[in-house]
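With the UniProt record's numbering, letter number 1012 in the sequence shown gets 1012, and the count goes up by one each step, no holes.
Data block below; observations after.
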Amino acid sequence: MSSTTADLISSFASHLPTSLLHHLSTPSPSLSPTASSTSRIIQTSPLTPLFFIDISGFTAMSTILSVNDLSLVMNEYFTAIINVVTSFGGDVMKFAGDAIFVTFPPHPPSPSGHRLLLASLCADTLVQTLSSYLPALFKSGVGSKLQKSYLNVHCGLAYDDCTFCVLKSSTYDEQHSRCEFVLFGKVIEEVGLAEGKSNLGEVNCCPKTREFLKNHPDVNWIEGDSDVDSDPNEPTLLCKKGEPLRFTLSPSFSSKILQLKKQTSLHPLSPLNYKKSFKNTIKQLTTDEKRIRELFYDVGSFVHGVAFEEMKESSKVHNELRPVYTVFLNILFKPGDQSFEKLDAVFSCIVKLSSKYSAMIRQFIVDDKGTVCILNYGLKGGVHKNMNEMLFSLLNSLENELNKLNVNFEGGVTLGKCYTGIVGSEERGEYAVMGSFVNLAARLMCADHGKYRTIVSEENGEVKAKGFKNLIKTYGIGGKVGSRGRRMSSVGSYGLTHELQNDNTLFVGRDNETGQIMETAESIYHSPPNPQLIVLIGEGGVGKSSLAKQTAKKLTRRGSKVMKSQCVHTGGVSYPLSSIKGWIRSHVITLMKNHETTNHDSDLESLLKNIGDSICFKGTVGNELLARSLLEIIGLMDESSNVVKVPLNEILLFTAEIIKYGHTSKEGAVLLLDDIQFIDSASKSLVELLMNDDSSLNLLIMATSRESLKIGDSLEIPVRAMGVEDLALLVDGLYNHNNKSMSKGEEEKRESDSPASKRMRKRTSRLIVEKSGDFLNELVNISGGNPFFASEILSMAQDERAIKRTASMSFSWDPTKNHQGLSDRISKLNSVSELILAKFDRLSAVARSVLSVCSVIGSRFMRGEVELLFEGSEIDVAFEELMLSEIICVEDEEGGETTEDDVAFKFVHQLWATTVLENQLSTARVEIHKKLAERMEGGNIARLLKRLRHAREAGLAKIALEVSKEAGRFLILRGWNLQASELYSATLRIDSVEGVLRGEKNETELALEVMTDLAKVSASLGDKQSSARFYQSALKLYQSGVETGNVENNELSFAIVSGIMLLLKWGTIADEDGSYERNLVATFISSAQKAGNNAHVSRAFALKAVMFQRQENYDLAIEAQRELEEVYDIQLSSEISKHYGSDRGAQNYALGAQFMYLRDGDGSEVREQVEKTVGFLDAGVMERRNVHNSFMLLFPLVLVLVEIGQAGRAVELWTKHILETFEEFYTSEASVFFKPVFRLTFLWLRLKEGGGGSFRLTR
């Protein structure tokens, strides 16, 4: 369990602030079962700087972005903010929805006033750089076509007393523990007041902060116009975007504060660094099973339940938009009674009761609104059948139990679609539930509650909430809960407003609404046929579809047939009956199942057998395919059995009769029609036909619309317009036609009296007499087990008028009809593929071109991909033709999410994609792949892999390698090393890339980078043999590339040589006589010299010297050291060492002293080399904070000093450059891998200084 558990602990760490994480990692954490509760008070400080950052703009974006885009935008902004905060040593303590609290811990130890100044500088940097922030999504890609939306901040800064503590409680069943960390004290109240006064792009500070700054001798406070008459007890503007900070620092003090900032950013306990060392510490603890398990439960107890479970399963938390109950509770303490003990008791009460009634605690926090607990129902893993009842019982029990603690609460409850997922950055984030309904719940909690704990069922005033443009009336859930008769609260359970179509809509309970719809349905079933249309109107996400489906379930139990369909906006392409095709298809399939027979002896079946088709589709699949082609098959003959081209209006009439044929007046039918605002004209006409029928159809159509929908202008039918906010307001039988109200009966009379209507009805009745039940039977029989083939033949024959009906109602070819040689063509068709190609030839030129590109892309393709090769107008024409021909369709006609910017399409049948692709010239396929690979731009990993496929098929080695390198590094950064390895390997096997590896093409440098990355990732996966093979192949490619001139960047060899040297050290690569290593070092030196970088040349000579030392050839080792000294530049190398971690050239000076001592013993040459090395440390050029580099340089040197009798000097050097420097920059509390060695070496040197010890420096 240890390694997996250790990984989870590292993942959980990002959910906790650094201060808490450091506390939990101490040997005796306060969360142990035997620890006292007061030990969970981690820190109490009379003066703590607290920075409160409130973000604006997410709510507006949630209405225009998909969940994935919203997540990207939010976390991009949070990451930018967190990066600024941590660069000043700030620790993100709490996320409060779209706001965060930041403290500035004393690492390194420093006065709180200095940390307040750091916080002030941090605040100024934040508003200057991140106010009016435009996310990357709105600069390019899909977001560039949307109205630009900016993100902003308004902040508060306070300086007062603060306590940081941990609250802990076991659950109701005593099986689990839940912990929360909270900040409380005067500073919370002050920072809330300061933030509340700030406008966008501003930071206000509390009075105590202002007084500290004004009275500090090294701070010059700049009085502003607003200060003249300002109240000294009110917050003051500290900084504003575009304006200078309200104070300046004296030069010397400014330098001191900036130095503190630098030291903070480097300190091992700072938020910027500690979590990395924490993860390393966890890895080192994998053998300590007990400690790992303790940390797992201690750290995990702070992680939200949803995140905890998902991370255990897949290490990833999924982002969602889902309907959620949100409960905000404001805990009301008696004045002066908010102590740690009381907070702990209240938290324990809430944890136990929440677990008892299956609620999830989102957060327990002390913030600007008071002491707040946020509960949720409906999150992943938290959906239950009776959430309403459970919520009421929970609130009732909480009231009773908290009263025993002399504590009350006020709350607000909402139900609505919210964003759920991780917000923040990779290093610091938390699970959150965000959105306008969360904002509304918080606002309701703060509203005037009157005599109720929460908002009640009678009207209780209005509130203004973020994300809602109008004032919201508040209601509650009717009925009594509990023995005391307390009426619990919610919002909008049965209604919110009386503005039917234009107001915001919310609801919690739906029994009343569904009851009214059921009454409407009952009135249909128990009276003469009376079709009804009910339209539910409301903004996106309020639950219109959910309400319609909930009602449909009840109607299904009553015996009604329920059909579902969705009107889809297809990005400018609309085709007949697309809105309700799914409904028609489902209905016809049902009818066909009811009429299925085993008689397949039809002329058409014989024809199919003669053709020799081997592909069959039977059963439900076959019926569905046949139903897809219904509109192509119906209406082929007139009364004289002559083939005709039936007008659309008669097809619609016939389709309406087919629908009515399958429904009895007893059972009735229900059609759910989502997003009716997108309905196509043919579907609208069919709905009008059904609604105006008065013969036999009991039909209830439940439609939803996001728009207020000028119903009279949209549908010329009687409408019951219902807002989900108040279904009692029905427009019964009335609609607006040409600005005149007309009753249903009057309109039906006008429609039925029209001559056109009479002719159509007469015509349709004759068709139905001929083609009702028998016709449906025949549709099944003629499929012959291959309805797709049958429908294609019928479709083609319809255009050429070459089909006839026999007396037995079966269909066959008419040999007397020889239009344009069709009989000859048909007789030569040998397969479905040839039939498809015959239909392909009849498409327009642009449709054929677009179809060819679609087949190359694959069975599923995005409109945006096709747009890379065609103009938009061409695509509109081609897509409409292809959809009308039933060749392609929108990927998910019945519920998929599409936008105008990019729509997913698919082939109706895979045969189309494969046949068109197989019959393309290979040169044409390659050209399409080439253009797509060249024109596609970077994006997510899926898009990168698509581009890689096109590059591979087109033989574009350069693009394949570039994309592979980018995609592979993307995967590695996320820890997907195995997937990256497979990707690199597949790329190197591409024919065009293999040509590069053989030296036939010029992309050698790219191939080297990919192969080196593959070698690195193989080593990280533990496959050292493969790593060695790839490194050695890369070295050969590099050497041949240098010879042919295909490689000009000599620095590419550095990573290769370094990797091979490591494998040599591990013994993975055999080198018994050392010749391989010598050649390798020679290559490294040559490459470094060609690159002209002396820092790398000196590193190469250092490798050479160490190699000869291992072989005990000290003459050559010293010679290599002399070569190093000729090129070594301490200034240049000290800069390089910032990247490599240590200065290998300087370290080799100390090793050179060892080489000389081991060869000659003590002498002037040795002592001269010692002084050179000490000179590097005393010169002040090397970074003093890089104690690791100083250690690597000094350690071999002090061994020599001891041997030549200068142990005392060794002690001085070690104390000055190691021990004191480490204390100065990192304090004694810091923990690093080498720290024990520092102390042990010092003790040994002191021992040698006194003449003790027996260690000798020998070969």
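In this text, a Cβ means the ideal position worked out from N, Cα and C, and glycines have one as well.
Tell me the DSSP secondary structure of R293 in three-state form.
helix
When we look at the beta-carbon of T18 and count the other beta-carbons within 10 Å, is it buried (16 or more) or exposed?
buried
Sort D1129, I1085, K356 and R1122 by Cα distance to A1095 and report the nearest one.
D1129
If the criterion is Cβ atoms closer than 7 Å, does the pair S131 and G201 meet it?
yes
What number of angstroms, rounded off, separates the C-alpha of G370 from the C-alpha of V67?
31 Å
Cα separation between E880 and L851?
12 Å
How long is the line joining the alpha carbons of E499 and R848, rounded to whole angstroms?
Note that E499 scores a pLDDT of 23, beneath 50, so its modelled location is shaky; the value from the coordinates is reported in the next line. Going from the Cα of E499 to the Cα of R848 covers about 51 Å.
So, does the stretch 909-928 touch the stretch 942-955, judging by three or more C-beta pairs under 8 Å?
yes
Measure how close the beta-carbons of L405 and V346 come, nearest whole angstrom, since I'm counting them as under 8 Å.
Indeed they touch by this definition, with Cβ atoms about 6 Å apart.
Helix, strand or coil, according to DSSP, for S110 in the structure here?
coil
Taking 6 Å as the limit between beta carbons, can you name the residues of its chain near T1221, skipping five residues before and five after?
Closer than 6 Å at the Cβ level, and outside the excluded window around T1221, lie R1184 and V1187.
Just verifying my parser: in three-state terms, what is the DSSP assignment at K208?
helix
Does the Cβ of L332 have 16 or more other Cβ atoms within 10 Å, making it buried, or fewer, making it exposed?
exposed
For V423 and L269, what's the separation of their Cα atoms in angstroms?
24 Å
So, at 6 Å on beta carbons, what are the nonlocal neighbours of D713 in its own chain, with the 5 sequence-adjacent residues on each side left out?
Reliability fails at D713, whose pLDDT of 41 lies under 50, so the model's placement of it is uncertain and the value that follows must be treated cautiously. Excluding positions up to five away in sequence, the list is empty.
Note down the Cα distance separating S426 from Q1032, rounded to an integer number of angstroms.
The residue you asked about is not Ser; residue 426 is Glu in the sequence shown. The alpha-carbon separation between E426 and Q1032 amounts to approximately 35 Å.
Determine the direct distance from the alpha carbon of V433 to that of S25, and round the result to whole angstroms.
Using only the alpha carbons, I get a separation of about 29 Å.
Taking the runs of the alpha helix (DSSP H) that are 4 residues or longer, which of them lie wholly in the stretch 903-969?
910-918, 922-935 and 941-954
Just verifying my parser: in three-state terms, what is the DSSP assignment at S62?
Per DSSP, reduced to three states, the secondary structure at S62 is coil, with no helix or strand assignment.
With a threshold of 16 other CB atoms inside 10 Å of the CB of N403, please say whether the residue is buried or exposed.
By the neighbour-count rule (16 or more Cβ atoms within 10 Å), N403 is not buried but exposed.
Could you check the C-alpha separation between A442 and L70 for me, to the nearest Å?
If I take the Cα positions, the gap works out to 22 Å.
I need the boundaries of the alpha helix (DSSP H) containing W1066, first residue and last residue.
L1052 to W1066
If you run the structure through DSSP and keep just helix, strand and coil, what is Q532?
strand
By the DSSP assignment, the beta strand (DSSP E) with Y419 in it spans what residues?
N408 to G424
Status (buried if at least 16 other CB within 10 Å, exposed otherwise) for L237:
buried
Drop a sphere of 10 angstroms on the beta-carbon of V1237, count the other beta-carbons inside from all chains shown, and report buried for 16 or more, exposed for fewer.
exposed
Can you tell me whether I959 is buried or exposed? The criterion is at least 16 other CB atoms within 10 Å of its CB, across all chains shown.
The residue in question, I959, is buried, as its Cβ has 16 or more Cβ neighbours within 10 Å.
Are L689 and A548 close, meaning C-beta to C-beta below 7 Å?
The Cβ-Cβ distance between L689 and A548 does not fall below 7 Å.
With burial defined as no fewer than 16 other Cβ atoms inside 10 Å of the residue's Cβ, what is the status of E1072: buried or exposed?
exposed
Measure how close the beta-carbons of A1150 and P1196 come, nearest whole angstrom, since I'm counting them as under 8 Å.
4 Å
H819 burial status per 10 Å Cβ neighbour count (16 or more: buried):
Confidence at H819 is low in this model, with a pLDDT of 34, below 50, so its placement is unreliable and the value that follows should be read with caution. Answer is exposed; the Cβ neighbour count stays below 16.
If contacts are defined as beta-carbon pairs under 8 Å, then F1030 and M1011 qualify, I think. What distance do you get, rounded to the angstrom?
6 Å
Using only the alpha-carbon positions, how far apart do P531 and A669 sit?
9 Å
What does H154 pair with, by DSSP beta-bridge criteria?
D54
Just to confirm before moving on: does the CB-CB distance between S436 and T704 stay below 7 Å?
no
Compute the Euclidean distance between the alpha carbons of P718 and T551, then round it to the nearest angstrom.
Bear in mind that the predicted position of P718 carries a pLDDT of just 44, short of 50, making it too unreliable to give a figure here.
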